[in-house]
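Asks: Sharing a structure, written as structure tokens. Questions coming.
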Amino acid sequence: MDAETPALPTPVGAGAFNVYTGVAADNVAAKVIPTAAQLGLEPPRFCAACGRRMIVQVRPDGWWAKCSRHGVVDSHDLETQR
Numbered sequence: 040m041d042a043e044t045p046a047l048p049t050p051v052g053a054g055a056f057n058v059y060t061g062v063a064a065d066n067v068a069a070k071v072i073p074t075a076a077q078l079g080l081e082p083p084r085f086c087a088a089c090g091r092r093m094i095v096q097v098r099p100d101g102w103w104a105k106c107s108r109h110g111v112v113d114s115h116d117l118e119t120q121r
């Protein structure tokens, strides 16, 4: 990652848990990503840092997800990562 590109927020960045299934990243089952998530139609449901289930609100123009330990991330914040 270059110096100008900010890292992904903790709840959805590369972490110890799969953000769609909540399975530990070192587990073989964590490699399986649901089809809807692969197509970009599913918001993350689990925090990548701690594996906790997040509160997720889907809107017509995106979504936001909140981890009780690591805060809120909004899909609009991730647009710069595309």
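Each position in the sequence shown, counted from 1, maps to that position plus 39 in the working numbering.
The beta carbon of each residue, even a glycine, is placed where N, CA and C say it ideally should be.
None of these values were measured; they are calculated from a predicted model.
1. Judging by CA-CA distance, which residue of Gly90, Arg84 and Cys89 is the nearest neighbour of Ser114?
2. Can the beta-carbon of Asn57 be found closer than 9 Å to that of Ala87?
3. Give me whichever residues DSSP pairs with Cys106 in a beta bridge.
4. Three-state secondary structure (DSSP) at Val95?
Replies: From the atom records:
1. Arg84
2. yes
3. Its beta-bridge partners are Gly110.
4. strand
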